[in-house]
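Q:
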Amino acid sequence: MLEKFFKLKENNTTVKTEIMAGITTFMTMAYILAVNPNILSAAGMDANAVLIATALASIVGTVLMALFANYPFALAPGMGLNAYFAFSVVIGMSYSWQIALLAVLVEGLVFIVLSLTNVREAIFNAIPMTLKSAVSAGIGLFIAFIGLQNAKLIVNNDTTLVSYQTFKGDLFHSVGVGAILALLGVLITAVLLVKKVKGGILFGILITWVLGIICELTKIYVPNPDAGMYSVIPSAIISFDFSSFGQTFGQVFKVNFDGVGVFNFIVVVFSFLFVDIFDTLGTLIGVSTKADMLDKDGKLPRIKGALMADAVATSVGAIFGTSTTTTYVESASGVTEGGRTGLTAVTTALLFLLALIFSPLFLTIPSFATAPALIIVGFYMISSVMKINFNDMTEAIPAYLCILAMPLAYSISEGIAIGVISYTLINLICGKAKEKKLTILMYVLTVLFILKYIFL
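Each residue of the sequence shown is one higher than the one before, starting from 25 at the first, in this note's numbering.
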């Protein structure tokens with residue numbers, strides 16, 4: 025039955041490979057179950073309710089991805105979008121979180137219409153293959169950077185903005201040891217991959233977690249909540265308390281519009297739309313490029329189903345009570361493990377379902393254990409840079425700028441914006457627009473991106 029539904033042989037994969045890939049994807053993105061409630065609670069939302077909403081939205085979106093498109097991509101409330109929701113819309117603009125949820129719901133409904141009318145698919149197809157390779161490489165650097173930050177190997181610095189961990193001072197037994205364990209995790213994962221151990225990335229996560237438990241038991245690692253370093257030993261395994269869910273479920277329909285201008289609300293909806301559409305497209309481009317899923321014309325088969333899953337999940341997630349649900353870049357970890365079909369996505373969704381019950385266990389997985397997976401996956405994805413023609417400056421320079429912008433601007437969508445603007449302008453000014461067959465949509469995207477920087 026699995027073979028018939030997911031076409032495993034056609035995609036050169038097996039049930040075992042798909043399940044291992046799904047587990048790996050879940051392990052690398054499970055942090056969202058802890059991070060999203062933390063961020064949205066700053067907006068006044070109940071943290072436990074948000075955790076339940078996060079898991080349910082992830083389940084719905086990921087299952088829909090498997091059913092609509094048969095792709096190994098997982099969905100969850102997006103990082104960056106949740107911060108914009110809490111700190112810019114609710115705290116910064118003084119809107120209620122119910123208003124913010126309504127903006128997310130409207131965004132999702134608009135995306136459903138756009139997906140039905142092929143607009144998002146057309147945007148995907150309009151982006152040149154050079155930029156698609158650049159997006160994949162840029163995402164590689166971006167998620168590696170996220171991994172380095174999660175492990176606290178790279179930290180804030182007032183002088184240079186970022187710096188490396190010093191491994192000195194009072195925080196050594198918490199932050200310092202966690203960073204060292206992350207480095208060991210990278211080494212362990214690398215060795216496993218060199219030795220071609222199946223599931224090497226997943227085993228790297230588990231081994232690093234076990235090392236953390238040993239370090240905590242021997243007092244080498246000492247939890248320090250003030251520094252964001254928590255116990256890695258599960259205090260509980262199972263929880264069946266879902267009573268708090270009612271505090272966010274359906275609240276999107278209980279909106280008070282007092283003091284909310286129509287224009288301001290439209291701006292908020294458009295901002296969510298803009299970031300989500302290009303974050304999603306960027307992730308689909310990057311991960312599918314790495315998995316060799318694009319056809320000879322650089323198009324992704326069944327993309328309409330993938331985009332529809334994303335749109336429906338965003339709408340449903342808003343009703344549950346969470347910020348924009350989007351395709352996750354961590355899906356690349358499962359693809360790296362060999363995941364090629366919706367069975368990988370279904371496996372990940374089932375683990376999110378289990379996480380509702382086993383949330384105390386999953387929430388204990390430390391970020392320094394999952395960080396090595398992101399760093400190694402970044403290595404895999406940056407290999408797409410080899411597909412860029414560096415002998416043609418009109419191709420290479422926009423690709424370079426796209427790659428550079430993603431980690432430095434901390435945004436997939438910003439990388440795409442810089443890549444599209446520079447590709448269009450450089451080729452237009454150099455008289456190569458006809459030769460490169462720039463489409464009308466590329467010109468439209470360029471204008472929209474420029475207007476975005478002027479007005480948003």
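A virtual CB, placed ideally from N, CA and C, is assigned to each residue, including glycine. Being a predicted model, the structure only gives us computed values, none of them experimental.
Below 7 Å CB to CB, which residues in the same chain sit around residue 73 once its five sequence neighbours on both sides are set aside?
A: 268, 269, 271, 272 and 345
Q: Report the option in 63, 53 and 164 whose CA atom is closest to the CA atom of residue 310.
A: Closest option to residue 310, Cα to Cα, is 164.
Q: Across the segment 224 to 236 and the segment 391 to 402, are there enough close Cβ pairs to call them in contact, namely three or more that are closer than 8 Å?
A: Touching, yes.
Q: May I ask you to report which of helix, strand or coil DSSP gives residue 349?
A: strand
Q: Quick one: Cα of residue 324 to Cα of residue 290, how far?
A: Going from the Cα of residue 324 to the Cα of residue 290 covers about 31 Å.
Q: Please tell me whether residue 247 and residue 198 are closer than 8 Å, where the distance is taken between their beta carbons.
A: yes
Q: Does the pairing of the segment 322 to 341 with the segment 93 to 111 give three or more beta-carbon distances under 8 Å?
A: yes
Q: Would you call residue 468 buried or exposed, if buried means 16 or more other Cβ atoms sit within 10 Å of its Cβ?
A: exposed
Q: Quick check on this structure: which residue in 400, 461 and 372 has the alpha carbon closest to the alpha carbon of residue 82?
A: 372
Q: With DSSP as the reference, identify every bridge partner of residue 332, one or two as the case may be.
A: In the DSSP output, where bridge partners are listed per residue, residue 332 has none listed.
Q: Excluding the 5 residues preceding and the 5 following residue 26 in the sequence, name in chain order all residues of the same chain whose CB lies nearer than 7 Å to its CB.
A: 32, 39 and 367
Q: With DSSP as the reference, please indicate the residues paired to residue 101 in a beta bridge.
A: Here residue 101 is bridged, per DSSP, to 349.
Q: Going by the CB atoms, is the gap between residue 193 and residue 335 shorter than 8 Å?
A: Not in contact: residue 335 and residue 193 (Cβ atoms no closer than 8 Å).
Q: Tell me the residue span of the beta strand (DSSP E) that contains residue 186.
A: 185 to 188
Q: On the three-state DSSP scale, how would you describe residue 178?
A: Here residue 178 sits in strand by DSSP.
Q: According to DSSP, is residue 253 helix, strand or coil?
A: strand
Q: Identify the continuous alpha helix (DSSP H) that holds residue 401 and give its terminal residues.
A: 391 to 406
Q: Can you tell me which residues form a DSSP beta bridge with residue 248?
A: 253
Q: Just how far apart, CA to CA, sit residue 227 and residue 52?
A: 12 Å
Q: Distance, Cα to Cα, residue 451 vs residue 460?
A: 8 Å
Q: Report the rounded CA-to-CA distance for residue 179 versus residue 116, giving the unit in angstroms.
A: 25 Å
Q: With 16 as the cutoff for other CB atoms within 10 Å, does residue 152 come out buried or exposed?
A: buried
Q: Going by beta carbon distance, what residues of the same chain come within less than 8 Å of residue 446, once the five residues before and after it are set aside?
A: 421, 422, 425 and 426
Q: Can you list, in chain order, the residues of its chain with a C-beta nearer than 7 Å to that of residue 340? Leave out the 5 residues immediately preceding and following it.
A: Closer than 7 Å at the Cβ level, and outside the excluded window around residue 340, lie 81 and 84.
Q: Let me know the secondary structure DSSP gives residue 431 once reduced to three states.
A: helix
Q: With 16 as the cutoff for other CB atoms within 10 Å, does residue 402 come out buried or exposed?
A: buried
Q: Spell out a yes or no on whether the segment 58 to 72 and the segment 101 to 113 are touching, meaning 3 or more CB-CB pairs, one atom from each, closer than 8 Å.
A: yes
Q: With DSSP collapsed to three states, give me the class of residue 438.
A: helix
Q: Taking residue 316 as the reference, which of 471, 48 and 365 has the closest Cα?
A: Closest option to residue 316, Cα to Cα, is 365.
Q: Considering only the alpha carbon of each residue, which of 448, 158, 223 and 477 lies closest to residue 436?
A: 158
Q: Among 215, 37, 102 and 181, which residue has its Cα nearest to the Cα of residue 61?
A: Nearest Cα to residue 61 within the set 215, 37, 102 and 181: 102.
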